[in-house]
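Student: Following this message is one structure expressed as structure tokens.
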DNA sequence: GGGGGCACTGGAATATTATGCAGTGACTAT
DNA sequence: ATAGTCACTGCATAATATTCCAGTGCCCCC
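Chains as they are written, first to last, in this note's numbering: chain X, 1 to 162; chain L, 1001 to 1162.
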């Protein structure tokens, strides 16, 4: 393995994807192999398969230009990335507790925290999540499955820690 | 040949590309082979190589979604395409001379040409370019590097020829 | 009519991207 | 400790896209 796997405080997949977004915004990247070389130059040792998967998750589109192909961030990708950052700020701030049953997650926040958190959460558009409804201090999250619910709860708890 | 080549009143490449746009807007097309089948269904007998070229000319991007790949005409692609076309019109019209040093390019235009050219230029958003400032007949372009400057100058000269 | 140039195309060769599979470390529950 | 998930990754390969090359028809000029 080129990089240690997920672990708090370590370089994560998410960090790498952030680096990818920065590179792609700054330079005209035309192929995954080229992107790979640029990443290696910045200290990321990563294989092409992983990049294919990263680009997919980041929703980076490959668009044809006069100077050949180029990967560009779709507005949506930028938006969800923004929302993710917002969530990481808001959750530690407002998180109270989380629980769930079946496909449902109930996230309790401090008073008044549900609306802003839910707004960011919706925009973040997690694949496991169908949608959410927010009151004043409670958010109901509807997941795609019970397994999805478990992943969502774990992820929320992790983000809430800061 | 599957179709008659360019000729007045006959089905042209442009017609086919129009059909491609319609299909792609209506359905989630994930590969060129799939698009080819759809076109055949509408009476267009065309090879995959040609589609690759068409998609390139139409600036259709291949974006990853949860349900696999899909070709779309992104707003951004459309926008920069407009800017590119505008630039190709304006440059031959207003170009006077171009020079540069370090990361800077100085583009001289005929009187009053700097503003419209710079507007199109900015929207075109070349990856090599950080930004530009325009006066009445001069545009200062700030590039990412000296190498980028050279590419930019070459490209500008080429476009200016018409 | 006979080039020569041009725009366009398909098939094959090539380049690039997506994915099945297996392996790894972290974590959890038993 | 052991077994079972899970998230993540690279390698090998399948799937897909791009490019090279040769061929065709049209048009213009001699």
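Don't be surprised by glycine CBs; every beta carbon is placed ideally from N, CA and C.
Could you list which residues in chain L have their beta carbon closer than 7 Å to that of residue 61 of chain X, in chain order?
Tutor: Counting from one through the first chain, the residue named residue 61 of chain X turns up at place 61. Correct list: 1061, 1062, 1063, 1074.
Student: Please state whether DSSP places residue 1070 of chain L in a helix, a strand or coil.
Tutor: As a working mapping, residue 1070 of chain L is identified with position 70 in the second chain. If DSSP states are grouped into helix, strand and coil, residue 1070 of chain L belongs with the strands.
Student: Mapping DSSP to helix, strand and coil, what is residue 1112 of chain L?
Tutor: Counted from its first residue, the second chain places residue 1112 of chain L at position 112. Three-state DSSP puts residue 1112 of chain L in coil, outside helix and strand.
Student: If we call anything under 8 Å between Cβ atoms a contact, is residue 124 of chain X one with residue 84 of chain X?
Tutor: Counting from one through the first chain, the residue named residue 124 of chain X turns up at place 124. Counting from one through the first chain, the residue named residue 84 of chain X turns up at place 84. Against a cut-off of 8 Å, the Cβ pair of residue 84 of chain X and residue 124 of chain X comes out as a contact.
Student: For the alpha helix (DSSP H) that contains residue 1152 of chain L, what are its first and last residues?
Tutor: As a working note, residue 1152 of chain L is residue 152 in the second chain. It spans 1146-1160 - the alpha helix (DSSP H) in which residue 1152 of chain L sits, taken as one unbroken run.
Student: Under DSSP, the alpha helix (DSSP H) around residue 1012 of chain L begins and ends at which residues?
Tutor: Looking up residue 1012 of chain L in the second chain gives position 12. Looking at the DSSP string, residue 1012 of chain L is not in any alpha helix (DSSP H), and its letter there is neither H nor E.
Student: Look at the Cβ atom of residue 1140 of chain L, then the Cβ atom of residue 1106 of chain L, and state whether they are nearer than 8 Å.
Tutor: Translated into the one-based positions of the second chain, residue 1140 of chain L becomes position 140. Translated into the one-based positions of the second chain, residue 1106 of chain L becomes position 106. Taking 8 Å as the Cβ cut-off, residue 1140 of chain L and residue 1106 of chain L qualify as a contacting pair.
Student: Taking Cβ-Cβ distances shorter than 9 Å, what residues in chain L pair up with residue 55 of chain X?
Tutor: By one-based count along the first chain, residue 55 of chain X stands at place 55. Going along chain L in sequence order, the residues near residue 55 of chain X (Cβ under 9 Å) are 1064.
Student: Label residue 54 of chain X either buried or exposed according to how many other C-beta atoms from any shown protein chain fall within 10 Å of its C-beta, with 16 as the threshold for buried.
Tutor: Residue mapping note: residue 54 of chain X aligns to position 54 of the first chain, counting from 1. A buried status is given to residue 54 of chain X, since no fewer than 16 other beta-carbon atoms sit within 10 Å of its beta-carbon.
Student: Who are the near neighbours of residue 92 of chain X in its chain, counting only those whose CB is closer than 8 Å to its CB and skipping five residues on each side?
Tutor: Position 92 of the first chain, counted from the start, is the residue given in the question as residue 92 of chain X. 159, 160, 161, 162.
Student: Rounded to whole angstroms, what is the Cα-Cα separation between residue 1121 of chain L and residue 1155 of chain L?
Tutor: If you number the second chain from 1, residue 1121 of chain L lands on position 121. If you number the second chain from 1, residue 1155 of chain L lands on position 155. Straight-line Cα distance between these residues: approximately 12 Å.
Student: Beta carbon of residue 102 of chain X, beta carbon of residue 146 of chain X: below 8 Å?
Tutor: Along the first chain, read from residue 1 onward, the residue named residue 102 of chain X stands at position 102. Along the first chain, read from residue 1 onward, the residue named residue 146 of chain X stands at position 146. In this structure, residue 146 of chain X lies closer than 8 Å to residue 102 of chain X by Cβ.
Student: By Cβ distance below 8 Å, which residues in the same chain neighbour residue 74 of chain X in space, the five residues on each side in sequence not counted?
Tutor: By one-based count along the first chain, residue 74 of chain X stands at place 74. Taken in chain order, the residues that qualify are 59, 60, 61.
Student: Thinking just about the alpha-carbon of each residue, which of X:46, X:15, X:96, X:126 is nearest to the one in residue 1065 of chain L?
Tutor: Counting from 1 along the second chain, the entry for residue 1065 of chain L is found at position 65. Nearest neighbour of residue 1065 of chain L by Cα position, chosen from X:46, X:15, X:96, X:126, turns out to be X:126.
Student: Out of curiosity, what's the CA-to-CA distance linking residue 42 of chain X and residue 1057 of chain L?
Tutor: Here residue 42 of chain X refers to the residue found at position 42 of the first chain. Here residue 1057 of chain L refers to the residue found at position 57 of the second chain. Going by the C-alpha atoms only, they are around 34 Å apart.
Student: So residue 1110 of chain L and residue 1096 of chain L are in contact, right, with Cβ under 8 Å, and what is the actual spacing, rounded?
Tutor: The sequence position of residue 1110 of chain L within the second chain is 110, counting from 1. The sequence position of residue 1096 of chain L within the second chain is 96, counting from 1. Yes, they are in contact, since the Cβ atoms of residue 1110 of chain L and residue 1096 of chain L sit about 6 Å apart, within 8 Å.
Student: Does residue 130 of chain X come out as helix, strand or coil in the three-state DSSP assignment?
Tutor: Residue mapping note: residue 130 of chain X aligns to position 130 of the first chain, counting from 1. Strand.
Student: Going straight from the alpha carbon of residue 1031 of chain L to that of residue 1050 of chain L, what length do you get?
Tutor: Taking the first residue of the second chain as 1, we reach residue 1031 of chain L at position 31. Taking the first residue of the second chain as 1, we reach residue 1050 of chain L at position 50. Straight-line Cα distance between these residues: approximately 13 Å.
Student: Run through the DSSP bridge pairs and tell me what residue 1062 of chain L is partnered with.
Tutor: Residue numbering aside, residue 1062 of chain L sits at position 62 when the second chain is read from its first letter. Residue 1062 of chain L pairs with X:62, L:1071.
Student: Can you tell me whether residue 1128 of chain L is buried or exposed? The criterion is at least 16 other CB atoms within 10 Å of its CB, across all chains shown.
Tutor: Position 128 of the second chain, counting from 1, holds the residue named residue 1128 of chain L. Counting Cβ neighbours within 10 Å, residue 1128 of chain L comes out buried, since at least 16 surround it.
Student: For residue 99 of chain X, which three-state DSSP category applies?
Tutor: The count along the first chain starts at 1 and reaches residue 99 of chain X at position 99. It is a strand residue.
Student: Would residue 63 of chain X be called buried (16 or more neighbouring beta carbons within 10 Å of its own) or exposed?
Tutor: In the first chain, counting from the first residue as 1, residue 63 of chain X sits at position 63. Classification for residue 63 of chain X: buried.
Student: What are the boundary residues of the alpha helix (DSSP H) that includes residue 1040 of chain L?
Tutor: By one-based count along the second chain, residue 1040 of chain L stands at place 40. Per DSSP, residue 1040 of chain L belongs to the alpha helix (DSSP H) from 1032-1041.
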